[in-house]
Amino acid sequence: MVEIIVALIAVFGVVFPYLFQRNRELNAKIADQKREAYENFLYNFTEMTVEIMHGKEASGKETDLKRMSARDKLVLYASDEVIKAYDTWVRYGDAESHDWKKDSELMDLILLAIRKDLLLGKTKLTRDHITNLNSFNRG
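Take 7 as the starting number for the sequence shown in the working numbering and just add one per residue.
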């Protein structure tokens with residue numbers, strides 16, 4: 007009986023730390039993938055914003071492929087809050103008439119949701135703090 011208890015303690019002494027380490031590695035990998043997905047999305051968003059600001063057409067096969075790829079990564083790695091904020095922004099943009107100020111406010115909410123996701127839900131910033139970093143507001 008003592009041998010079984012010693013064996014169990016030894017197994018738990020090895021297995022639990024191993025599982026804990028594997029979980030940390032997996033979480034770190036997912037965090038890296040989230041960062042990359044958000045970086046791609048924001049880079050694409052900024053690139054499109056600059057094109058539009060300079061009166062250029064933001065379309066074409068290469069442009070569409072970049073935009074779609076950035077969105078595909080969001081579907082895989084973004085938090086529910088980010089996807090919901092993005093969905094609200096897109097639905098508003100698809101409406102017959104929309105106000106650029108409201109459009110910008112909705113983009114602020116996407117930026118804030120991304121920040122919250124990357125900081126594990128902890129941020130002291132509000133939409134008002136984020137608004138000056140939005141490419142819509144400050145070229």
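For each residue, glycine too, the CB sits at the ideal point set by N, CA and C.
- Under the DSSP assignment, F22 falls in the alpha helix (DSSP H) whose first and last residues are 8-59.
- Pairing T69 with S141 gives a Cβ-Cβ distance that is not under 7 Å.
- Note on geometry: alpha-carbon atoms of N29 and V21 lie some 12 Å from one another.
- In the DSSP assignment, S75 falls within the unbroken alpha helix (DSSP H) covering 67-83.
- Note on geometry: alpha-carbon atoms of E53 and V17 lie some 53 Å from one another.
- In this chain, K62 is not harboured by any alpha helix (DSSP H), its DSSP state being neither H nor E.
- The criterion of a C-beta distance shorter than 7 Å is satisfied by D123 and S85.
- Distance from N33 to K79 at the Cβ level is roughly 18 Å; contact not present, criterion being Cβ atoms closer than 8 Å.
- Setting aside the 5 residues that flank it on each side, T137 is surrounded in the same chain by D114, N143, each with a C-beta closer than 6 Å to its C-beta; the list follows chain order.
- Of the other Cβ atoms in all chains shown, fewer than 16 fall within 10 Å of the Cβ of A101; this residue is therefore exposed.
- Y92 places its beta carbon 7 Å or farther from that of Q39.
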